[in-house]
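Encoded as structure tokens, the structure appears first; notes follow it.
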Amino acid sequence: MNNYEITVGLEIHVELKTETKAFCRCKNQFGAPINTNTCPICMGMPGAIPTINKTCVEYAIKSGLAFDCDINNVAIFERKNYFYPDLSKAYQISQLEKPICINGKIRYKLNGEEKFTRINNIHMEEDAGKSVHDAKLNKSFIDYNRCGVPLIEIVTEPDIHSADEAVATLTSIKETLVAIGVSDCKMQEGSLRCDVNLSVAPKGSDKLGNRTEMKNLNSFKAVKRAIEFEAQRQINAIENGEVIHQITLKWDDDLGKNEPLRSKETSNDYRYFPDPDLLPISITPEYITRIKHTMPELPYDRKNRYMNVFGLPKQDAETLTSNINVTNFFEDCLKLKNQPKVVCNWICTDVMRKLKESLEEEPNVSISAQNFVELIDMFQNKEISINSARELLDRVWDTNESAKQLAEELGLKQNNSADDAKKFVLEAIANNPQAVADFKSGNQKAITYLMGQVMKLSKGKINPQIATQLLLEELK
Ligand SMILES: [Zn+2]
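The numbering of the sequence shown is our numbering, which starts it at 114 and goes up by one.
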């Protein structure tokens, strides 16, 4: 593998999170009962005239701005003609000559190094329906609900040279689009789909090899595996003197290999032509400026700010920015408690622990920032121990009862009285002469045991710092 260079370009389809479809007023909704969100327009009935949904244009421009694209002042819709049962119009409304966004780049960090993948273009198009195969009945059905759901397709330049770079590029795309609110980018629901174009060539060669295209990649892990598999397959073929054919392959994640799907088509095969039903869209600089002002801080910039301004470790900055729910929660907490490092530590350990326990694919932070900050305050003010804080978090997660009130009710408040601490320390010493003797003969571990006894006698409520200090004094 070391003698070859892998070259990868990505085509990423993203479903836009609009209320209605791209060209009609049907609901854009995942998981609706089969064939309930359809109308003559998205079904392509004769005489039905499509009208562009303004939000699609806005979201496409937002996406372009997030990736430093140039926004074309005119965007034209074209018909991409092909027949497939899930596309009743026999053409897809898409863009070829005048896509809405061109150029641009996807920034990411890999192993501490700043990198980017260039974007060729971002264009708007509509989704097709879905074939549903029933193996028992040996029949296929079609659900047209997805027909006309708005998409953007992000086409990258072939700048990617490893599976890790491909995954990092995809991760950056997902984080960015979720943060700007244009898509939920759920691969498992198909709102983010990725096709991979891959070729290999001897290192140092100025010509790219013949490429294949891989489809049916349903997770980032599948993308990584498929790239590694296909690169090796092509290298083996070249080593054996075979020619790489330009074909489309279907990735089988269970078998961990590619199956040929069809010979690779080119844009000529689709007989693109401007859609006569849709006028060119003119995009003014004023409109772009207006959209620019609605853009939130991007995850990449935010990550850098957390590291450079707040001084957070890279790992933590990544944790805080890789999930928009966590980012928003962190920002909400900071409004109430301006101690980024403290809040970050609590989120990266305890909130992340709770999120990992959740069975949901994209779990929500189920405690209010206010309640969470109160919990941290109680710990900082030594009102509760770290164990009590964690116990409280477990109890108020989901219910969002007041942690403060619950600490009172459950008697979790820490006892900071030195007199009480001394009482428990003396009792522990009196009850455990062996441990005391062990300590005096130099066994440091005995102190841990004795502290355990102190905590037990106090039912876990005595302040451990005060108790430890008193214990050491008494033993001297
Ligand atoms: Zn419709």
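Beta carbons are placed, not taken as given, at the ideal position from N, Cα and C, and that holds for glycine.
Residues of its chain near D240, where Cβ-Cβ distance is below 6 Å and the 5 sequence neighbours each way are ignored: R259, V262 and L264
Please list, in chain order, all residues of the same chain as N494 whose beta carbon is under 7 Å from its beta carbon, the five residues on each side excluded. none
Verify the contact flag: T397, CB atom, against every heavy atom of ligand 1, threshold strictly below 7 Å. no
Measuring CA to CA, which of P409, D507 and L588 is closest to P546? L588
How would you call P590, buried or exposed, if buried means at least 16 neighbouring beta carbons within 10 angstroms? The requested residue 590 is not part of the displayed model; the chain covers only 114 to 589.
Ligand 1 heavy atoms versus the CB of T151: any closer than 7 Å? yes
Rounding to the nearest angstrom, what Cα-Cα distance links I560 and T462 in this structure? 28 Å
Would you report the Cα separation of E124 and Q345, rounded to the nearest angstrom? 21 Å
Pull up the distance between the alpha-carbon of I255 and that of E473, whole angstroms please. 29 Å
To the nearest whole angstrom, what separates the beta carbons of S471 and N186, a pair I think is in contact under 8 Å? S471 to N186, Cβ: 46 Å. No contact.
Helix, strand or coil: which one does DSSP assign to N513? coil
Which listed residue (I267, P163 and M465) has its alpha carbon closest to that of D390: P163
Run the proximity test for K134: is its beta-carbon closer than 7 Å to any non-hydrogen atom belonging to ligand 1? yes
Could you spell out where the beta strand (DSSP E) holding V121 opens and where it closes? Y117 to E128
Could you tell me if E238 is buried or exposed, where buried requires 16 or more neighbouring beta carbons within 10 angstroms of its beta carbon? buried
Where K337 sits in the DSSP three-state scheme: helix
Would the C-beta of C457 count as close to ligand 1, meaning under 7 Å from any of its heavy atoms? no
Could you say which of Q428, E521 and I206 lies nearest to A188 if we only look at CA atoms? I206
With a threshold of 7 Å (Cβ to nearest heavy atom), would Y162 be considered close to ligand 1? Inspection of the sequence shows that residue 162 is occupied by Ile rather than by Tyr. For ligand 1, not one heavy atom lies less than 7 Å from the Cβ of I162.
Report the partner residues of L305 according to the DSSP bridge assignment. V127
Report the CB separation of S435 from L290 in whole angstroms; it is logged as a contact under 8 Å. So it is not a contact: roughly 13 Å between Cβ atoms.
The alpha helix (DSSP H) enclosing D414, as first and last residue numbers: P412 to N421
Looking only at its own chain, which residues have a Cβ that is under 6 Å from the Cβ of A516, when we skip the five neighbours before and after it? N484, E487, L488, L505 and V509
Comparing alpha-carbon positions, which option in N421, S479 and T379 lies nearest F442? S479
Whole-angstrom C-beta distance between T440 and R403, which should lie under 8 Å: In fact, because the Cβ distance is near 25 Å, the residues do not count as touching under 8 Å.
With 16 as the cutoff for other CB atoms within 10 Å, does I499 come out buried or exposed? exposed
Given V309 as reference, the closest of E302, E326 and S296 once Cα atoms are compared: E326
Euclidean distance between Cα positions of D366 and A541: 60 Å
Comparing the CB of C169 with every heavy atom of ligand 1, is any distance shorter than 7 Å? no
Return the CA-CA distance between T168 and Y400, expressed in angstroms with no decimal places. 13 Å
Just checking I255 against ligand 1 - is the residue's beta carbon closer than 7 Å to any of the ligand's heavy atoms? no
In three-state terms, what does DSSP make of E378? coil
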